[in-house]
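Student:
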């Protein structure tokens, strides 16, 4: 038995006119039911609410991007979840809606509360269907797209595999439309293939293959296998799990040394950082080494921002390059007062420090 998070993109779930693609949705539900019968636990991260809402109404006045997103998602999320409910009900499967926001991941307490809720759902045989709560999210506090959200959910629920269903077969050596480009079938832990990604997106989704590639690399480094495949291929989910050689896809192999659950949370928390800690060259070298090294005040040269103990901060090197991110053991005021000093407790303990 394995636990699988499946992210379904807007381009898979909606037609060109913005209406739900019931054929694709029905096929995915059929496959999820089949995988559950095989003993797998499934979590869905589903896009499509905004696209569904956009196809249902024409605003009477011109709306800005935030207002339009709030309107469309408020209408579309109901349509989307009702469709899922009726399709899964044919198999006697109970679903649960999980609407979340980026700030729910910023606090460790909120993160653990959300995790506990989802784990309870999974343990009781409920299929969680996760989406961003667009009606309450502001532009600067939104996820890049549901690829980013799916990565957070995969690490949150200790998934074995994250499957990202898109409108292409995976990562190519160039543009997927270029006949000379070839599919990259396997990405080794730590391997960087971002240089192959063409910066473009299509259809209703906010993200593109660049985002998928970045998320896949980070999540696989944390010990979760990530697969990118085309979502409208018949039987794609079952084939990927049972007969992966039969369907085109890119797999990012998981790191053989998975991170702890705390470090997994911290790894995705850079966007929640309350400030920065700059370190000298010696400290930077030590932090990047294979040793278990905490960040001590003696290695700090400067700070920016204001934070309290327990907040997330970014660690910068002497050239302002990002070294990592961590959970502060000292407040910004305490850190500033101790810059260059020896004998103090760590600014960030090793157990709460993620090195990029």
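Residue numbers (the working numbering): -13 to 342. By construction, the Cβ of each residue, glycine as well, lies at the ideal position given by its N, Cα and C atoms.
For the alpha helix (DSSP H) that residue -11 lies in, which residues bound it at each end?
Tutor: Taking the chain shown and counting its residues from 1, one reaches residue -11 at position 3. No alpha helix (DSSP H) holds residue -11; the beta strand (DSSP E) holding it covers -11 to -6.
Student: Provide the residue span of the beta strand (DSSP E) that contains residue 308, from first to last.
Tutor: In the chain shown, residue 308 corresponds to position 322, counting from 1. Here the beta strand (DSSP E) through residue 308 covers 308 to 313.
Student: Compute the Euclidean distance between the alpha carbons of residue 107 and residue -8, then round it to the nearest angstrom.
Tutor: Residue mapping note: residue 107 aligns to position 121 of the chain shown, counting from 1. Residue mapping note: residue -8 aligns to position 6 of the chain shown, counting from 1. Cα-Cα distance, rounded: 16 Å.
Student: Residue 261 and residue 241: beta carbons closer than 7 Å?
Tutor: The residue given as residue 261 occupies position 275 in the chain shown. The residue given as residue 241 occupies position 255 in the chain shown. The answer is no: Cβ separation not under 7 Å.
Student: What is the DSSP secondary structure of residue 117, reduced to helix, strand or coil?
Tutor: Residue 117 sits at position 131 when you count from the first residue of the chain shown. If DSSP states are grouped into helix, strand and coil, residue 117 belongs with the strands.
Student: Apply the 10 Å Cβ neighbour rule to residue 43 and answer buried if 16 or more other Cβ atoms are within range, or exposed otherwise.
Tutor: In the chain shown, the residue the question calls residue 43 occupies position 57. By the neighbour-count rule (16 or more Cβ atoms within 10 Å), residue 43 is not buried but exposed.
Student: Could you pull the DSSP bridge partners for residue 211 from this structure?
Tutor: Position 225 of the chain shown, counted from the first residue, corresponds to residue 211. In DSSP, residue 211 forms a bridge with 147.
Student: For a test of the three-state rule: what should DSSP assign to residue 177, helix, strand or coil?
Tutor: Your numbering for residue 177 matches position 191 in the chain shown. Residue 177: coil per DSSP, three-state reduction.
Student: So residue 216 and residue 154 are in contact, right, with Cβ under 8 Å, and what is the actual spacing, rounded?
Tutor: Within the chain shown, the letter at position 230 stands for residue 216. Within the chain shown, the letter at position 168 stands for residue 154. Rounded, the Cβ-Cβ distance is 6 Å, consistent with contact.
Student: Looking at the unbroken alpha helix (DSSP H) that takes in residue 271, where does it start and where does it end?
Tutor: Residue mapping note: residue 271 aligns to position 285 of the chain shown, counting from 1. From DSSP, the alpha helix (DSSP H) with residue 271 extends over 267 to 274.
Student: Using a Cβ-Cβ cutoff of less than 6 Å, which residues in the same chain neighbour residue 250 once the five nearest sequence positions on both sides are dropped?
Tutor: Sequence index remark: in the chain shown, residue 250 carries index 264 (1-based). 141, 208, listed in sequence order.
Student: For the stretch -4 to 14 against the stretch 24 to 38, do three or more pairs of beta-carbon atoms, one drawn from each stretch, fall closer than 8 Å, so that the two count as touching?
Tutor: Touching, yes, given that three or more Cβ pairs across the two stretches are closer than 8 Å.
Student: Only counting runs of 4 or more residues, tell me where the alpha helix (DSSP H) segments fall wholly within the stretch 31 to 88, in order along the chain.
Tutor: If we require 4 residues or more, the alpha helix (DSSP H) runs fully inside the stretch 31 to 88 come out as 35 to 40, 51 to 75.
Student: So, helix, strand or coil for residue 96, using DSSP?
Tutor: On the chain shown, position 110 is the one that residue 96 refers to. DSSP places residue 96 in helix when its eight states are reduced to three.
Student: Spell out the partners DSSP gives residue 294 in its beta bridges.
Tutor: On the chain shown, residue 294 is found 308 positions in, with the first residue counted as 1. According to DSSP, which records beta bridges pairwise, residue 294 is partnered with nothing at all.
Student: Going by DSSP in three states, residue 277 sits in which element: helix, strand or coil?
Tutor: Position 291 of the chain shown, counted from the first residue, corresponds to residue 277. Coil at residue 277, not helix or strand.
Student: Under 8 Å by Cβ, that's how I've got residue 310 and residue 273 pegged, so tell me the actual separation to the nearest angstrom.
Tutor: On the chain shown, position 324 is the one that residue 310 refers to. On the chain shown, position 287 is the one that residue 273 refers to. Right, the Cβ-Cβ distance comes to about 7 Å (below 8 Å), so this counts as a contact.
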